[in-house]
Structure formats: C-alpha cells, structure tokens
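Take a look at the structure set out below.
There are 2 protein chains.
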Amino acid sequence: MAKERTSPARKALSRERVIAAAVALADQTGYREFSMRRLGAELGVSPMALYKHVGGREELLDEMVDVVFGELEDPSAREDWVTAMRRRGVSVREALRRHPWAVGLMESRSNPGPENLAHHNAVMGCLREAGFSFEMAVHAYSIQDSFIYGFALQEKTMGHESPEESAQAAKTRGKGSDGYNEYPYLIEVEAELARSGYDHAAEFEWGLSLILESLERLRKNSP
Amino acid sequence: MAKERTSPARKALSRERVIAAAVALADQTGYREFSMRRLGAELGVSPMALYKHVGGREELLDEMVDVVFGELEDPSAREDWVTAMRRRGVSVREALRRHPWAVGLMESRSNPGPENLAHHNAVMGCLREAGFSFEMAVHAYSIQDSFIYGFALQEKTMGHESPEESAQAAKTRGKGSDGYNEYPYLIEVEAELARSGYDHAAEFEWGLSLILESLERLRKNSP
DNA sequence: ACCTGAACACCGTTCAAGT
DNA sequence: ACCTGAACACCGTTCAAGT
C-alpha cells in the first residue's frame with residue numbers, strides 16, 4: 002500500500018478550512034474571545050500550525066472580512082437603482098447581524114480582498130449607470146455606507162432585541178435610573194420605548210429610505 | 002513638622018489624573034497600543050497602582066469616552082435647530098479626529114457617563130423643541146448619529162490626509178494595482194481621486210446637509 | 001511537507017506583602 | 001492609605017526540532 006494518512010481522524014488543514022473555522026468561531030464567541038490559540042484548539046491543532054496556512058492574525062482577519070463581503074447582495078441586477086441600493090443596504094445590515102465581529106472591520110482593512118473590490122465596483126457601477134455624475138456617485142456612496150455602518154455600530158451595542166424585548170428592557174431600566182431626573186428628554190425616551198419598544202429593522206429602513214429618496218430627487222433634477 | 006510627602010518627585014495619583022493620562026496616551030499611541038501596563042509606566046507607577054483609582058480597564062474606558070462626550074458642542078443654544086445640529090455634528094467629527102480610539106466606543110459603552118447623558122438629553126431636547134414629534138425626533142437622532150459615527154469609522158481607515166495628499170496616495174496606488182483591471186468603476190474612482198483628491202470635511206458636510214435638509218422638509222410638512 | 005514545544009515579549013488582574 | 005512583586009491565565013509570533 003502506498004502513502005496513507007497516519008492520523009486519519011482529523012481532516013488535513015487548508016487555508017479555506019482555517020478561514021471558515023475562524024468565521025464560525027468569531028460568530029459564536031464574539032470578537033473579544035477570538036484568538037489564534039482558541040482557533041487552533043477548535044481545529045484540534047497547535048496554534049502554530051495555523052501559521053503555515055494564513056500568515057498571521059491580520060491576514061486572517063482580511064480573509065474573514067472578505068467572506069462577509071461575499072455574502073452581500075450584488076446590486077448589478079437590472080432593477081431601478083433605488084431598489085437595488087435598498088436591497089444591498091438591507092443585506093449589509095443582515096450580514097453584520099450574523100457577523101457582529103465584522104462591524105468595525107469592514108471599512109478598516111487596508112488591503113481589500115476580491116469580494117470587497119467586486120462589491121465596491123458593483124455599487125459604483127449601479128450608481129453611474131443610473132445617471133449619477135462621478136461626483137454625485139461618490140457622495141451617494143459615502144452617505145449610504147456611513148449610514149449603514151454607523152447604524153450597524155449602534156445596533157450592535159443596543160443588542161438584537163425584538164421590539165417587545167427592548168420595551169421590557171427599557172421598563173426595568175427605568176426603575177433604577179433615578180439619575181435620569183436631570184434629563185427630562187431622556188426620561189421621555191425611556192418611557193416611550195417602554196411603551197412601544199424599538200424596532201431596529203424599521204428604524205434602519207426609515208433612514209435608508211430617506212437617504213435614497215433624497216438622492217433620487219437630486220438625480221432627477223440634474224442635467 | 003507634621004506629615005510630609007516622603008517621595009516628592011511624583012504628584013500623587015488620583016482618578017482624574019489617571020483618566021487624563023489615559024486619554025493622552027490613547028491619543029498618542031492609538032487604541033491598539035493602549036494598555037494598563039503602558040499607562041502605569043507613563044505615570045511612573047506600577048500597573049497595579051491604577052486599580053486603586055479606576056476599578057479596571059473597562060471602567061477606565063467608560064470614563065475616557067465620557068471625556069470625549071464632554072468636548073462635544075452643546076446644541077441647547079437658541080439658534081434654529083438645523084444649524085444647532087450641524088454644528089454639533091461637525092464637533093463630533095472633530096472630536097473623533099482628535100481621539101480616533103473613541104470611534105468604535107462612543108456608542109458601545111453599556112453604562113453611559115454624565116456627559117454622555119447630558120449630550121443625548123440636549124440633542125433630543127433640541128429636536129423636540131424644534132417641533133418634531135417624539136417618533137420623528139427618534140428617527141432624526143438615529144439617522145444623524147448613524148451617519149456621523151459611520152463617517153468617522155470610514156475616515157479613520159482612510160487616514161487624515163489632506164485632499165492633496167490623498168491625490169498623491171491614489172496616484173501611487175494606481176501604479177501597482179493591476180488587479181483592478183476587472184473593476185472599471187474602481188479604476189474611475191482611482192483616476193478621479195488622483196486628479197482632485199478627497200476632501201473628507203467637504204464630503205462630511207455634504208452628507209450631513211442632505212440629511213438635515215430632508216429632515217427639515219419633513220418637519221415643515223407635518224401638523 | 002506539515003506540525004509541535006519551548007520560548008519571548010506582551011496582556012489584565014488578584015492577592016499577599018511592604019511602607 | 002497607598003503602592004509593589006510575584007504570580008496566574010491569557011495573547012501573537014519565532015524558531016529550532018520532530019515526523
């Protein structure tokens with residue numbers, strides 16, 4: 002018999018397997034708990050084995066971020082630009098809810114991966130094809146992504162509660178917070194949120210719509 | 002002579018001195034390099050001495066973030082709400098340029114400090130007094146902060162270059178990037194940025210204005 | 001070729017000990 | 001009352017050694 006695996010229990014490591022396991026580990030444990038050593042343990046391997054496949058922590062993070070970019074909706078479809086952008090915006094928010102560790106990272110990697118480049122190209126293409134000038138397309142891209150990533154940042158903090166859950170949270174928070182007495186408008190917020198809750202998805206779509214409709218108005222009123 | 006300082010060289014530690022030194026250290030070295038041990042060294046003291054004054058790393062970060070909130074412009078002034086909000090928005094961006102380590106942290110601290118609460122109360126108050134309904138004021142607050150913090154996040158990545166510097170950067174980046182050939186719209190971006198550069202301040206104010214003017218339109222057209 | 005152990009230079013934090 | 005040293009349980013990463 003020719004060359005045979007001596008320890009057959011574990012599948013051989015590969016770059017793809019390391020990256021996939023890294024994303025899964027970060028999804029489960031969060032960014033704070035994610036480490037090379039834990040990832041090694043998760044794969045049943047010494048931490049140093051990883052370095053034969055991924056170069057280092059920073060390079061691995063680059064790859065993980067590109068996995069998330071790969072999950073975003075491609076706006077190149079032939080719909081009108083507003084619904085194309087709305088859908089891709091919603092898909093970014095949803096991807097960042099699945100992968101909260103990616104929130105501060107999507108726009109902070111200094112060497113973007115292929116999925117990242119392809120997505121940026123597709124968004125810019127969608128806007129240019131819709132008739133935006135170059136300057137306007139840059140503005141439109143900037144304001145959308147600022148809103149989307151900023152919203153994701155805030156939502157990450159406030160948690161993934163449903164409207165009902167956040168109403169309950171606000172109610173119990175209101176009890177102990179005597180320190181709020183100097184802040185009448187914050188008391189109103191707590192009281193109203195305790196009544197009706199806070200619907201993150203609805204808030205996101207309200208903001209995204211305002212931005213897209215304003216951009217569409219500008220697009221229509223230009224040469 | 003009564004009780005006298007035995008080691009006079011170092012001023013005595015205090016909560017305030019620790020917090021101020023922490024902000025200064027983070028400003029200089031960035032979030033990545035900031036640590037309790039380095040802060041101790043900076044203050045000429047063992048790392049463990051800090052724990053008599055600040056409870057721990059997380060509590061210290063809470064206090065540092067509240068220092069930044071204390072630097073924001075108070076929108077309670079009696080101007081019209083649009084310029085009040087515009088000014089406070091600009092002041093948030095500027096504060097986050099002075100303190101880039103605070104970018105992911107402003108909206109992610111789970112127990113807000115007094116400056117944080119006072120600022121939120123003032124913003125909400127400004128919007129309510131301007132005639133926004135409670136629901137609309139929440140929308141208006143959410144979309145503004147999403148945009149502002151998201152913009153700061155992106156700007157932090159791209160660096161604090163002047164328009165001229167970023168033009169130069171885009172030019173040299175364009176040379177080596179043969180991989181961009183599949184992405185025609187990205188090539189356009191690189192080419193245009195190499196010509197005109199990218200003015201972060203102008204981009205920020207364009208986006209903020211679009212949001213504020215859209216909100217003002219909604220406010221005027223309501224009961 | 002692929003993986004490992006020991007080591008290095010770091011973390012935050014606890015706790016008993018010093019003054 | 002305030003600070004320290006040694007220790008614990010972690011990091012990312014290098015490098016010589018194993019198979």
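Heads up: the sequence lines are chains Z and S, in that order.
Counting from 1, position 199 in the first sequence corresponds to residue 200 in this note's numbering; the numbering is continuous, with no gaps.
Counting from 1, position 69 in the second sequence corresponds to residue 70 in this note's numbering; the numbering is continuous, with no gaps.
C-beta: ideal position from N, C-alpha, C; glycine also.
query	result
is_contact[E5 of chain S, chain Z] using C-beta, thresh 8 angstroms	Note that E5 of chain S scores 32 on pLDDT, short of 50, meaning its location in the model is unreliable; the coordinates nonetheless yield the value given after this. It does not: the Cβ of E5 of chain S has no partner Cβ on chain Z nearer than 8 angstroms.
E204 of chain Z: contacting residues in chain S (beta-carbon distance under 8 angstroms)	V139, H140, S143
Beta-carbon gap between A27 of chain S and V69 of chain S smaller than 8 angstroms	no
Distance between beta carbons of Y186 of chain S and N122 of chain Z, contact taken as under 8 angstroms	5 angstroms
Per-residue contacts from Q155 of chain Z into chain S (C-beta, under 8 angstroms)	E108, S143, D146, S147, Y150
Chain S contact for A103 of chain Z (CB, 8 angstroms cutoff)	no
Neighbour flag for N122 of chain Z against chain S, beta carbons, 8 angstroms	yes
Cβ of L118 of chain S within 8 angstroms of any chain Z Cβ	yes
Length-filtered (4 minimum) alpha helix (DSSP H) runs lying within the segment 135-168 of chain S	135-159
Classification of L213 of chain Z by the beta-carbon crowding that lies within 10 angstroms, buried from 16 upward	buried
Exposed unless 16 or more other CB atoms sit within 10 angstroms - verdict on Q145 of chain Z	buried
Contacts that R129 of chain Z makes with chain S (C-beta to C-beta distance below 8 angstroms)	Y186, E189
Other residues of its chain near P9 of chain S: CB distance less than 7 angstroms, five sequence neighbours each side excluded	Summary for P9 of chain S: the model assigns pLDDT 33, below 50, so the residue's position carries little reliability; its value from the coordinates is reported in the next sentence. Nothing listed; no residue qualifies.
Any non-hydrogen atom of the ligand NAD closer than 7 angstroms to R129 of chain Z Cβ	What this structure holds is no ligand at all, so the ligand NAD is not there to describe.
Extent of the continuous alpha helix (DSSP H) run through D67 of chain Z	58-71
Straight-line Cα distance separating A25 of chain S from E60 of chain S	17 angstroms
Interface residues of chain Z facing M125 of chain S [CB-CB closer than 8 angstroms]	Y186, L187, E189, V190
Anticipated Cβ contact below 8 angstroms, E116 of chain S with G71 of chain S, distance rounded	4 angstroms
Alpha-carbon to alpha-carbon, L73 of chain Z and V93 of chain Z	6 angstroms
Cα-Cα separation between Q155 of chain S and P101 of chain S, rounded to whole angstroms	11 angstroms
Distance, A21 of chain Z Cα to R220 of chain S Cα	48 angstroms
Burial state of A103 of chain S (16 or more Cβ within 10 Å)	buried
Residue nearest to V55 of chain S in terms of C-alpha spacing, selected from S:R16, S:L40, S:A42, S:V91	S:R16
V46 of chain S (DSSP reduced to helix, strand or coil)	coil
Straight-line gap, F148 of chain Z to S143 of chain S (C-alpha atoms, nearest Å)	9 angstroms
C-beta atoms of A170 of chain S and R196 of chain S nearer than 8 angstroms	no
Three-state class that DSSP yields for G90 of chain Z in the structure shown	helix
Whether D63 of chain Z touches N112 of chain Z by CB criterion (8 angstroms)	yes
Secondary structure of V104 of chain Z, DSSP reduced to three states	coil
Below-8 angstroms beta-carbon distance, E193 of chain Z vs any chain S residue	yes
Closest Cα partner of L209 of chain S within the set S:S109, S:G132, S:T84, S:E162	S:T84
Residues of the segment 20-44 of chain S whose Cβ lies closer than 9 angstroms to any Cβ of chain Z, in chain order	none
Minimum Cβ-Cβ distance from F70 of chain Z to chain S less than 8 angstroms	no
Extent of the continuous alpha helix (DSSP H) run through A203 of chain S	201-221
N-terminal and C-terminal residue of the alpha helix (DSSP H) that G132 of chain Z is part of	Per DSSP, G132 of chain Z belongs to no alpha helix (DSSP H) and is neither H nor E.
Where M49 of chain S falls, given that 16 or more other Cβ within 10 Å makes a residue buried	exposed
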